[in-house]
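Numbering (the working numbering), first residue to last: 2 to 582. Glycine residues also receive a C-beta, built at the ideal position from the N, C-alpha and C atoms. Below you'll find the structure, written out as structure tokens, and then a few comments.
Set out below in structure tokens:
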């Protein structure tokens, strides 16, 4: 039951190849703050603290706490590691999982935070004492990873899955020059690249190059036949994916200091996101002699002139997807200092409306022993635009400063992801009803706890540490059919983040901070097939006029596609240079 829900979350197929899923909505709506080296080192627990440009994205009132202007820049290194391999959700091995685990890493340079604020002293003893205005850019999410795994299987195949999905379409439609205009792109690519082929005399029934089949009559109905398909032999399979991208918040901020007691702030935020993902799936015959294939030869008039036997060697299927967008939101915050040492803070962010433009495409190739039958195909580049409304979020914080010795801070933030919505950009309506219904059913509230500590053994030097814990908003069905948060049914659904750092300030205007953080993301389960597929399913083929319609029989959507468990970790190393004026 758990796997079924996850597949529903991950899989949406459309004719053109575009697929806005609730995982896309979650990916582009989440906020995983980086900020400056100081805020990162203290776990970004700055709702009640302020005073740092990295905190302005968390609480706009933070800019008013500092009684001076600042200019900062924060370069950094991002080191991601992915360990991908196959286990079931119960932690046991399975014939539908990849047995080989690989750990891959990627390193990227970035500038996660930069900005400037200017403080205007109104020279008053009470009331509105200072006004601060500024422009700050902070990274609020990072997309980086490269999971890869491989294994051997004789029970399931991507080509078999594509053949099963193509059943019911006519071979001439899949082979036509305008097939990409009105048919499922993956089936067109598979057919035109030689991964799947129609069965002789049954032009709407297909088999993969990895499969063999037997046809038998139905003794009870002369108009029906049975086609029993199964994987012909062991296949070496490999899955790999590369993700790159980021989400930045560009913030125009204004802050007000009232009697050094209450601090107000407001942000006009512009979100900019870029995301690129490319994945590749390959299958190769362990022994090509297991995969005998017959090709029918025809002349220019389409007349059959003979048959040729050859053997399948390998295939490669590639898919690439890119998304870019810009959105706008407002954020409002307050910090109160009821008595010396204690600070209380709160902030609320409005929903973000983001216009997203995406492009995608796919290609495939298949190699046979007889190279005359090797083929390749490439789709056009698809384009689509839509609007994503990300949910509101709210955060609360409390901090206490121990004079000049240090401080301690704790934040709580929540976000109700069930309120995310896809919207059309044109006059169409109802296009996203299915996805929005899934969001409402399978998404809930995520909770984040942030804690930070700073100790100053001497006034110019600081030692810092922090920790974050974030729960998953995803829901699924339990064994009784009740909708529950996925964290109640399986481990690995929490995101943990630990951090530490140091800082040095001169007696003048210059300061420098360094920080390192380690994030362990929640486990990701990857299903590389667009449909779940049972390689040993019986297919019932029914004659109707000139067409053959196929019932694909005992397909098990609960997990016949290979299951890949990906564990992702991210290291951030930041160095902030700043000046006060």
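Residue from the options with nearest C-alpha to residue i
{"i": "residue 529", "options": "462, 354 and 566", "result": "566"}
{"i": "residue 577", "options": "511, 519 and 521", "result": "511"}
{"i": "residue 273", "options": "262, 361, 346 and 246", "result": "246"}
{"i": "residue 55", "options": "294, 113, 103 and 580", "result": "113"}
{"i": "residue 568", "options": "127, 68, 85 and 454", "result": "85"}
{"i": "residue 410", "options": "398, 416, 31 and 419", "result": "398"}
{"i": "residue 353", "options": "278, 328, 63 and 57", "result": "328"}
{"i": "residue 295", "options": "285, 213 and 220", "result": "213"}
{"i": "residue 442", "options": "487, 527 and 480", "result": "487"}
{"i": "residue 524", "options": "57, 581 and 491", "result": "491"}
{"i": "residue 126", "options": "75, 260, 289 and 391", "result": "260"}
C-beta contact flag for residue i and residue j at 8 Å
{"i": "residue 137", "j": "residue 254", "result": "yes"}
{"i": "residue 503", "j": "residue 463", "result": "yes"}
{"i": "residue 400", "j": "residue 406", "result": "no"}
{"i": "residue 35", "j": "residue 118", "result": "no"}
{"i": "residue 257", "j": "residue 129", "result": "yes"}
{"i": "residue 421", "j": "residue 444", "result": "yes"}
{"i": "residue 371", "j": "residue 311", "result": "yes"}
{"i": "residue 240", "j": "residue 144", "result": "no"}
{"i": "residue 208", "j": "residue 198", "result": "yes"}
{"i": "residue 516", "j": "residue 454", "result": "no"}
{"i": "residue 468", "j": "residue 44", "result": "yes"}
{"i": "residue 314", "j": "residue 387", "result": "no"}
{"i": "residue 23", "j": "residue 439", "result": "yes"}
{"i": "residue 146", "j": "residue 244", "result": "yes"}
{"i": "residue 49", "j": "residue 346", "result": "yes"}
{"i": "residue 235", "j": "residue 155", "result": "yes"}
{"i": "residue 106", "j": "residue 82", "result": "yes"}
{"i": "residue 471", "j": "residue 447", "result": "yes"}
{"i": "residue 317", "j": "residue 281", "result": "yes"}
{"i": "residue 379", "j": "residue 364", "result": "yes"}
Whole-angstrom C-beta distance between residue j and residue i, which should lie under 8 Å
{"i": "residue 366", "j": "residue 473", "result": "Going by Cβ atoms, the distance from residue 366 to residue 473 rounds to 38 Å, so no, they are not a contact pair."}
{"i": "residue 211", "j": "residue 232", "result": "6 Å"}
{"i": "residue 159", "j": "residue 573", "result": "That pair is no contact at about 35 Å."}
{"i": "residue 59", "j": "residue 348", "result": "7 Å"}
{"i": "residue 584", "j": "residue 104", "result": "Summary: the structure shown does not reach residue 584, with the chain confined to residues 2 through 582, and so no result is reported for it."}
{"i": "residue 228", "j": "residue 271", "result": "56 Å between Cβ atoms; not a contact."}
{"i": "residue 266", "j": "residue 321", "result": "About 41 Å separates the two Cβ atoms, so there is no contact after all."}
{"i": "residue 66", "j": "residue 336", "result": "6 Å"}
{"i": "residue 220", "j": "residue 172", "result": "That pair is no contact at about 28 Å."}
{"i": "residue 163", "j": "residue 184", "result": "The Cβ separation is near 13 Å, so there is no contact."}
Residue i, buried or exposed, once every other Cβ within 10 Å from all chains shown has been counted against 16
{"i": "residue 61", "result": "buried"}
{"i": "residue 304", "result": "exposed"}
{"i": "residue 340", "result": "exposed"}
{"i": "residue 534", "result": "Reliability fails at residue 534, whose pLDDT of 47 lies under 50, so the model's placement of it is uncertain and the value that follows must be treated cautiously. The residue in question, residue 534, is buried, as its Cβ has 16 or more Cβ neighbours within 10 Å."}
{"i": "residue 435", "result": "exposed"}
{"i": "residue 176", "result": "exposed"}
{"i": "residue 505", "result": "exposed"}
{"i": "residue 226", "result": "buried"}
{"i": "residue 308", "result": "exposed"}
{"i": "residue 53", "result": "buried"}
{"i": "residue 579", "result": "buried"}
{"i": "residue 63", "result": "buried"}
{"i": "residue 168", "result": "buried"}
{"i": "residue 332", "result": "buried"}
Extent of the continuous alpha helix (DSSP H) to which residue i belongs
{"i": "residue 441", "result": "434-443"}
{"i": "residue 188", "result": "186-193"}
{"i": "residue 302", "result": "Counting along the chain, residue 302 falls outside any alpha helix (DSSP H), and DSSP gives it neither H nor E."}
{"i": "residue 183", "result": "180-183"}
{"i": "residue 39", "result": "38-42"}
{"i": "residue 63", "result": "63-66"}
Unbroken beta strand (DSSP E) run spanning residue i, endpoints
{"i": "residue 172", "result": "No beta strand (DSSP E) contains residue 172, which is instead part of the alpha helix (DSSP H) from 172-176."}
{"i": "residue 241", "result": "236-259"}
{"i": "residue 350", "result": "343-350"}
{"i": "residue 72", "result": "71-86"}
{"i": "residue 26", "result": "Not the beta strand (DSSP E): residue 26 falls in the alpha helix (DSSP H), residues 23-30."}
{"i": "residue 394", "result": "394-402"}
{"i": "residue 165", "result": "Run containing residue 165: none in the beta strand (DSSP E); it sits in the alpha helix (DSSP H), 159-167."}
{"i": "residue 201", "result": "That residue, residue 201, is in no beta strand (DSSP E); it is neither H nor E in DSSP."}
{"i": "residue 482", "result": "Careful: residue 482 lies outside any beta strand (DSSP E) and carries neither H nor E."}
{"i": "residue 358", "result": "353-369"}
{"i": "residue 156", "result": "Counting along the chain, residue 156 falls outside any beta strand (DSSP E), and DSSP gives it neither H nor E."}
{"i": "residue 287", "result": "Counting along the chain, residue 287 falls outside any beta strand (DSSP E), and DSSP gives it neither H nor E."}
{"i": "residue 465", "result": "462-471"}
{"i": "residue 226", "result": "225-232"}
{"i": "residue 514", "result": "511-521"}
{"i": "residue 108", "result": "101-122"}
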